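Throughout the sequence shown, residue numbering follows the working numbering, covering 108 to 265 in sequence.
Take a look at the structure set out below.
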Amino acid sequence: MNHPLANLNEEELNQLLKAPVWITVLIASADGKIQKKELEYAGRYVKENAKVTSELQNYYEQVSSKFNKELKGHLILLSDDPMVRIELMEEQLIHLNEVITKIPSEFAVQLHKSWRDLAYGVAKAAGGFLGIGKIDEKESEYLQLNMIEMPKGEGGNG
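What follows is the structure, given as structure tokens:
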């Protein structure tokens, strides 16, 4: 079986590998304040998915190897203005639409679901009474990652 990301060039692969960082920054910024619990959750999510046997294991192994460094770099370089961060992350995520058309649709669907799970977990990590369980209304606007479109039809291009 071909690796699902084999048809991607280096730039496209790097975009896919940075997606969890972009999603983390997007969701954590949505309520105006990035919280440590949100970043910690994202790091754990990526590491745990790198250990779970699934079609996404190899993807998350690659993500995990650079995740914390990439996340810290983005947080240092990006604006302190949450609206600017959100806009930049949305733009990056929109660029994934072209890349996603180059991978098998079944893999793309699993990947998108895992990204939504990450978004949900980041949003839930610091919300609610005593920081347990409630998702901020502003964060909830982004949870479905609607800026990332899934391939149409069965089988995709892979």
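Every residue gets a Cβ at the ideal spot worked out from N, C-alpha and C, and that includes glycine.
Keep in mind that this is a model prediction, so the values were computed, not measured.
Item, Value
"Does the beta-carbon of residue 145 have 16 or more other beta-carbons within 10 angstroms, so that it is buried, or is it exposed?", "buried"
"Just how far apart, CA to CA, sit residue 172 and residue 153?", "9 Å"
"Just checking my contact of residue 111 with residue 174 at CB under 8 Å: how many whole Å lie between their CB atoms?", "Not quite, the Cβ-Cβ distance comes to about 20 Å (not below 8 Å), so this is no contact."
"Which same chain residues end up closer than 8 Å to residue 256 when comparing Cβ atoms and leaving out the 5 residues on each side of it in sequence?", "204 and 207"
"Would you be able to state if there are at least three C-beta pairs under 8 Å between the region 185-192 and the region 113-121?", "no"
"Around the Cβ of residue 188, are there at least 16 other Cβ atoms within 10 angstroms (buried) or fewer (exposed)?", "exposed"
"Rounded to the nearest angstrom, how far is the Cβ of residue 254 from that of residue 201, given a contact under 8 Å?", "5 Å"
"State the Cα-Cα distance for the pair residue 223 and residue 117, rounded to the nearest angstrom.", "24 Å"
"According to the Cβ coordinates, are residue 217 and residue 162 closer than 7 Å?", "yes"
"Residue 231 to residue 252, Cα distance in whole Å?", "15 Å"
"Less than 7 Å between the C-beta atoms of residue 130 and residue 246, yes or no?", "no"
"Report all residues from its chain with a CB closer than 7 Å to the CB of residue 167; omit the five preceding and five following residues, and keep chain order.", "153, 156 and 157"
"For the alpha helix (DSSP H) that residue 180 lies in, which residues bound it at each end?", "164-184"
"What does the alpha-carbon distance come out to for the pair residue 325 and residue 169?", "Any answer about residue 325 is impossible in this case: the structure gives the chain only from 108 up to 265."
"Which whole-angstrom value is the C-beta distance of residue 177 and residue 143, which I expect to be below 8 Å?", "That belief does not hold up - the Cβ atoms of residue 177 and residue 143 are roughly 17 Å apart, past 8 Å."
"Can the beta-carbon of residue 148 be found closer than 7 Å to that of residue 228?", "yes"
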